[in-house]
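Chemist: Same order as they appear, the protein sequences are chains A and B.
If you're matching positions, the first sequence starts at 1 in my numbering and goes up one per residue.
If you're matching positions, the second sequence starts at 1001 in my numbering and goes up one per residue.
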Amino acid sequence: MTIFQAAASLRAREVSSVELTKESLRRIHAEQPRLNAFITITEELALAQAHRADDELARGIDRGPLHGIPYALKDVFNTRGIRTTVGSKIFADNIPGYDSAVFEKLTEAGAVLMGKTGLQEFAYGITCNNPHFGAIRNPHDPDCIPGGSSGGSGAAVAADMVYFAMGSDTGGSIRIPATFCGCAGFKPTSGRVSRYGVMPLDFSLDHMGPLTRTAQDAGLVLNAIAGFDSRDDTSSRHPVDDYAGPPSGSLRGVRLGVPTNFYNERVASEVAAAFVRALGEAEAAGATLVPLSVPDPAEINIVSRVILLSEASALLEPYLHRRADFGADVIALLDQGRLLPATDYINAQRLRRLYQREWAKVWSDVDCVLTPTAPITAPKIGQSTVDIAGTPEDVRLASTRFVRAINVIGLPALSVPLATESPMPIGLQIIGKPFSEAALLGLASNLGH
Amino acid sequence: MTNWTALARARALDIPPAALETIAPSLDGLEQAFRPLLAKLPFTLEPAVTLSESAVLGE
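1) Name the two residues that bound the continuous beta strand (DSSP E) containing A:Val207.
2) Could you give the distance in angstroms between the alpha-carbon of A:Ala439 and the alpha-carbon of A:Thr107?
3) Using the DSSP secondary-structure output, state which residues sit across from A:Thr258 in a beta bridge.
4) Mind pulling the chain A residues with CB within less than 7 Å of B:Val1049?
5) Report yes or no: is there a C-beta of chain E within less than 7 Å of the C-beta of B:Ala1019?
6) Under the three-state reduction of DSSP, which class applies to B:Pro1047: helix, strand or coil?
7) Would A:Thr179 and A:Ser415 qualify as a contact pair, given that the criterion is a beta-carbon distance under 7 Å?
8) Secondary structure at A:Asn223, three-state DSSP: helix, strand or coil?
9) Report, in whole angstroms, the separation of the C-beta atoms of A:Val306 and A:Ala348, which I expect to be a contact under 8 Å.
10) What ranges does the alpha helix (DSSP H) occupy inside the segment 104 to 190 of chain A, keeping only unbroken runs of at least 4 residues that lie completely in it?
11) Could you tell me whether the segment 125 to 135 of chain A touches the segment 87 to 103 of chain A, using the rule of 3 or more Cβ pairs below 8 Å?
12) With a Cβ-Cβ cutoff of 7 Å, do A:Ala165 and A:Thr214 count as a contact?
13) With a cut-off of 7 Å, does the C-beta of B:Leu1057 fall near any C-beta of chain A?
14) Which chain A residues sit within Cβ distance under 7 Å of B:Phe1034?
15) Would you kindly check if the distance between the Cβ of A:Ala268 and the Cβ of A:Pro375 is under 7 Å?
16) In chain A, which residues lie with their C-beta within 9 Å of the C-beta of B:Ala1012?
17) Hey, quick one: how far does the alpha helix (DSSP H) through A:Thr85 stretch, first residue to last?
18) Considering only residues of the same chain and omitting the five flanking positions on each side of A:Leu351, which have a CB-CB separation below 7 Å?
19) The beta strand (DSSP E) spanning A:Asp367 covers which residue range?
20) If you count every other CB in all the chains shown that lies within 10 Å of the CB of B:Thr1050, and 16 or more means buried, which is it?
21) So, helix, strand or coil for A:Lys22, using DSSP?
22) Assuming A:Tyr345 is part of the alpha helix (DSSP H), what are its boundary residues?
23) Along chain B, in chain order, which residues have C-beta atoms closer than 7 Å to that of A:Glu299?
24) Decide if A:His207 is buried, meaning its Cβ has at least 16 other Cβ atoms within 10 Å, or exposed.
25) Return no unless some Cβ of chain B is closer than 7 Å to the Cβ of A:Leu315.
26) Below 8 Å, can you find three or more Cβ-Cβ pairs linking the segment 239 to 257 of chain A to the segment 328 to 338 of chain A?
27) Thinking B:Pro1016 and B:Thr1005 are a contact (beta carbons under 8 Å), I'd like their distance in whole angstroms, please.
28) Buried or exposed: A:Gln5, going by 16 or more other Cβ atoms within 10 Å of its Cβ?
29) Alpha carbons only, please: which of A:Ala123, A:Gly442, A:Ile426, A:Val408 is nearest the one belonging to B:Ala1048?
30) When DSSP builds the beta bridges, which residues end up paired with A:Glu393?
31) Do you know how far the Cα of A:Ser153 is from the Cα of A:Ser24?
32) Counting only C-beta atoms, is A:Arg237 closer than 7 Å to chain B at any point?
33) Counting contacts by CB-CB distance shorter than 7 Å, is A:Asp141 in contact with chain B?
34) Roughly how many angstroms separate the alpha carbons of A:Gly227 and A:Pro188, rounded to a whole number?
35) Which residues mark the beginning and the end of the beta strand (DSSP E) in which A:Ile39 is found?
36) Could you pull the start and end residues of the alpha helix (DSSP H) that B:Pro1017 belongs to?
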């Protein structure tokens, strides 16, 4: 059941929030031993919030579509009095004294918090093979990774443990678990959703967004969490739209940009087949496919790595004397960041502006750009390289190759599942111009499976 | 090519030799890919992250 359907059932008195919450708890307890999607389960709080939601609805107080809906937060969102670990040993006992803006808004919207989901240590990576809290597993095949870093959120949504889960995305960390787990994942435009009270990985690349079962559900969540927040320096005053309007219903006349560079290189055959089929279906439905060359994502990915390595190492510098408390993957990245010269970081931020200007020109020719979300399906847990058409590639680099550049530019991007004969899910990435979230979500309902 | 071991020693970074050996190829690759991009930069182009008015005001 989607948020949209559950909200309708709640209002028709066919089901109560307490019933939805108890069923969600049953799913969580049944799946947690298999998937390890949660770090903390907030059962007592969830039942209290659900009772309150039912009581309010009975008294005619309706907080909107998320009222009474069970959800989860990635364990980077501060929750007052509830530990927020960032998937790390360093913050394993961290009890925040204040709430993140997203948690405030979701509480105000009447949503029911079921718990805090697992992630890659410090949200720094994509395998979710966490050395401190254990590996998170993919609901479609528990031997495979869920993707990351918001892997617990992706697994929790895909396994029907919650109706939606919040994630953070620094270089694909919402969209990668969405494609690997087979759900929708939305990284909004920079500044659209407040980062206040979220444990950061990278000040200039972090974005907050939802993982949901459908694009329409992502719009419902975005309606609750989007908007200006003076407590976040990067927060935008751009007007907020209605992100959950009715789907556009037709692709007729829509110009879909299809990159002729980069995104068609080194793609697994099953991913390429699903993507080509989706393009054919879109064209048959009246869309115009516009081949175009996008600003070189390979170069932007390099810029992204310099920025991320530098900022993450600067952020965690005070803790680096505790080397043994970091996992091997993360300490290796932090060591790299410490060795990069400051001049490289500054020049990476200058190059970023250059590429942002180049990307701005793309939107005169197309309404959105379509790519596969990742060139591969979910690899096995512990797998370090993946073979794509006979060429080995590092799993982390392959998984992030099609998504990380978008964080550098700051564009909104959504991943939705594609129809596939592959046993593992495959995602379609829909990239839009800044603050085009409403249009992207409307299109997505016609493009995804 | 940058000598990462010498750089770490000069900056007194507590990175064990084995760790440096592991990360050196990745840093070499990144440096090789990044350096040519600098030729694209117009002299007056400012970074995407700049001082904000609210920071100047101490907010």
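We put the beta carbon where it would ideally sit given N, CA and C, even for glycine.
Model, not experiment: these values are computed from the prediction.
Modeler: Checking against the coordinates, here is how it stands:
1) Strictly speaking, residue 207 of chain A in this sequence is His, with Val absent from that position. Going by DSSP, A:His207 is part of the beta strand (DSSP E) stretching over 207 to 212.
2) Near 27 Å, if we compare the C-alpha coordinates of A:Thr107 and A:Ala439.
3) The sequence shown places Val at residue 258 of chain A, not Thr. According to DSSP, which records beta bridges pairwise, A:Val258 is partnered with A:Pro291.
4) Neighbourhood of B:Val1049 in chain A, by CB distance below 7 Å: Ser204, Gln349, in chain order.
5) Protein chains in the displayed structure are A and B, and chain E is not among them.
6) For B:Pro1047, the secondary structure class from DSSP, reduced to helix, strand or coil, is coil.
7) A Cβ-Cβ contact shorter than 7 Å links A:Thr179 with A:Ser415.
8) The answer is helix: DSSP assigns A:Asn223 an H, G or I state.
9) Correct: roughly 4 Å between the Cβ atoms.
10) Fully enclosed alpha helix (DSSP H) runs of no fewer than 4 residues occupy 151 to 158, 175 to 181 of the segment 104 to 190 of chain A, in order along the chain.
11) Output reads yes: the segment 87 to 103 of chain A touches the segment 125 to 135 of chain A.
12) No.
13) Not one chain A Cβ lies under 7 Å of B:Leu1057.
14) Ile302, Val306, Asp344, listed in chain order.
15) Against a cut-off of 7 Å, the Cβ pair of A:Ala268 and A:Pro375 comes out as a contact.
16) By Cβ distance, chain A contributes nothing, its closest Cβ being about 11 Å from B:Ala1012, past 9 Å.
17) No alpha helix (DSSP H) contains A:Thr85, which DSSP labels as neither H nor E.
18) Answer for A:Leu351: Val303, listed in chain order.
19) Where A:Asp367 is concerned, there is no enclosing beta strand (DSSP E), given that its DSSP letter is neither H nor E.
20) The residue is exposed, with fewer than 16 neighbouring Cβ atoms inside 10 Å.
21) Here A:Lys22 sits in helix by DSSP.
22) Its alpha helix (DSSP H) spans residues 342 to 362.
23) Under the 7 Å cutoff, chain B gives Leu1037.
24) Classification for A:His207: buried.
25) When Cβ-Cβ separations below 7 Å define contact, A:Leu315 makes no contact with chain B.
26) They do not touch, by the three-pair rule.
27) The pair is not a contact, with the Cβ atoms about 11 Å apart (cut-off 8 Å).
28) Exposed is the call here.
29) Looking from the CA of B:Ala1048, the closest CA among A:Ala123, A:Gly442, A:Ile426, A:Val408 belongs to A:Val408.
30) In the DSSP assignment, A:Glu393 forms a beta bridge with A:Val386.
31) Going from the Cα of A:Ser24 to the Cα of A:Ser153 covers about 14 Å.
32) By this cut-off, A:Arg237 is not an interface position.
33) Taking 7 Å as the threshold, the shortest C-beta distance from A:Asp141 to chain B does not fall below it.
34) Rounded to the nearest whole angstrom, the CA to CA distance from A:Gly227 to A:Pro188 is 11 Å.
35) Segment 38 to 41, the beta strand (DSSP E) holding A:Ile39.
36) From DSSP, the alpha helix (DSSP H) with B:Pro1017 extends over 1017 to 1034.
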